[in-house]
Amino acid sequence: MANPLDTDVGSELFGSYENELKLLQADLNQKLDQISEASGEQRKSAIRLAEQVLDEATELLDQMRMEKQNIPSAARSKVNMRFRNYSTDLDEVKRKLKSLSDDRKALFGDRYTDEPQDEHLEQRQQLLSGTDRLERSSARLQQSQRIALETEDTARNTLSDLVIQRNTIENSRNNLQQSEGYVDTSIKTLRGMARRMATNRLITIAIITVLVILIFAVIFSKFH
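The structure is reproduced here in structure tokens:
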């Protein structure tokens, strides 16, 4: 049988197909055992059911063949190995079923294939098989739709995060520009204060110089 599913390899959809194929393989093996033990009409009915399950397994294997192309190259080698094992298993089941079918023809020939009740039974079995395959296909479609919705939600959340990050970057840029404006204003203020301090120093020196001259003038006038 095929290798067990590696949980770290393969897409989610491929994994779901793989699990479903394992169930079909188990069902096929059970039906092959039933065919070997059955005879007559019961054997013919069991063969038809096994052929229908085999057709469904083959269809599912084709879907897995397409889905594995979407798996990254780094993980595809393991997936290809498992896929080849499943394909080999189905080929073996086909050979066993053909052998059992040929044996049925050798034993019973066509003596019951023209019976009206057998035709009705075949129609009912085909109807039941079609309904079962439709339900399985609907389940796979629903699962694919669920995965698509989850992917859409993830993309929507990622887009929302990107919008939030963009707004944060824009706010930071605006704050930086505003801070640069404050720095420019502070520099201008400091330069103005420095000019006023220089002017005040010159005025103070001039006043002191005038006072010193006046003092010398007063002293000079007293002695002359």
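So the sequence shown is numbered by full-length UniProt numbering: it starts at 1 and just counts up by one. Even for Gly, the Cβ is constructed at its ideal location relative to N, Cα and C.
- Going by alpha carbons, who is nearest to Glu67 out of Val79, Ala74, Ala57? Walking along the sequence shown from the start, residue 67 turns up at place 67. Per the Cα distances, Val79.
- Assign Ala74 to one of three DSSP states: helix, strand, or coil. Along the sequence shown, read from residue 1 onward, the residue named residue 74 stands at position 74. Helix at Ala74.
- Exposure label - Pro4; buried when at least 16 CB within 10 Å: Taking the first residue of the sequence shown as position 1, residue 4 is located at position 4. Only weak support exists for where Pro4 lies, its pLDDT of 40 falling under 50; the coordinates are left without a value.
- Message: Once the 5 residues before and after Glu200 are set aside, which same chain residues still bring their CB inside 6 Å of it?
- Response: Here residue 200 refers to the residue found at position 200 when the sequence shown is read from its first residue. It is worth fixing the name first, because residue 200 is Asn in this sequence and not Glu. Excluding positions up to five away in sequence, the list is empty.
- Message: By the three-class DSSP mapping on this structure, what secondary structure does Ala38 have?
- Response: To locate residue 38, count along the sequence shown from 1; it is residue 38. Looking at Ala38 - three-state DSSP - the assignment turns out to be coil, as it is neither helix nor strand.
- With a 10 Å radius around its C-beta and 16 neighbouring C-beta atoms as the bar for buried, classify Ile208 as buried or exposed. Here the question's residue 208 lines up with position 208 in the sequence shown. Classification of Ile208: exposed, given that the 10 Å Cβ count is below 16.
- Meets three-Cβ-pair contact criterion under 8 Å: the region 130-149 and the region 77-93: no
- Are the CB atoms of Ile47 and Leu100 nearer to each other than 9 Å? Taking the first residue of the sequence shown as position 1, residue 47 is located at position 47. Taking the first residue of the sequence shown as position 1, residue 100 is located at position 100. Their beta carbons are under 9 Å apart, which means Ile47 touches Leu100 by this criterion.
- Message: Under 8 Å, with one C-beta from each stretch per pair, do the region 55-67 and the region 34-41 reach the 3-pair mark?
- Response: no
- Taking just the CA atoms, how far does Arg173 sit from Tyr17? Taking the first residue of the sequence shown as position 1, residue 17 is located at position 17. Taking the first residue of the sequence shown as position 1, residue 173 is located at position 173. For Tyr17 and Arg173, the distance between alpha carbons rounds to 50 Å.
- Query: Can you name, in chain order, every residue of its own chain whose Cβ lies under 6 Å from the Cβ of Arg93, other than the five neighbours on each side?
  - Reply: Start at 1 with the first residue of the sequence shown, and residue 93 comes out as number 93. Note that residue 93 is Val in the sequence shown here, rather than Arg. Result list for Val93: Leu28, in chain order.
- Query: Which whole-angstrom value is the C-beta distance of Leu32 and Ala50, which I expect to be below 8 Å?
  - Reply: As a working mapping, residue 32 is identified with position 32 in the sequence shown. As a working mapping, residue 50 is identified with position 50 in the sequence shown. Confirmed, about 6 Å.
- Query: If you drop the 5 nearest sequence neighbours on each side, which residues of the same chain put their C-beta closer than 7 Å to that of Gln63?
  - Reply: The residue labelled residue 63 in the question sits at position 63 within the sequence shown. Cβ within range, chain order: Tyr17.
- When the Cα atoms are used, what is the spatial distance from Asp91 to Leu159? Here residue 91 refers to the residue found at position 91 of the sequence shown. Here residue 159 refers to the residue found at position 159 of the sequence shown. Whole-angstrom Cα-Cα distance: 47 Å.
- Between the CA atoms of Ala206 and Phe220 - distance to the nearest angstrom: Along the sequence shown, one-based indexing puts residue 220 at 220. Along the sequence shown, one-based indexing puts residue 206 at 206. One C-alpha to the other measures close to 21 Å.
- Nearest-angstrom Cβ-Cβ length linking Gln147 and Leu13, presumed shorter than 8 Å: Counting from 1 along the sequence shown, the entry for residue 147 is found at position 147. Counting from 1 along the sequence shown, the entry for residue 13 is found at position 13. One point to set straight first is that residue 147 is Ile, not Gln, in the sequence displayed. Between Leu13 and Ile147 the Cβ distance is about 6 Å, and since that is below 8 Å, they are a contact.
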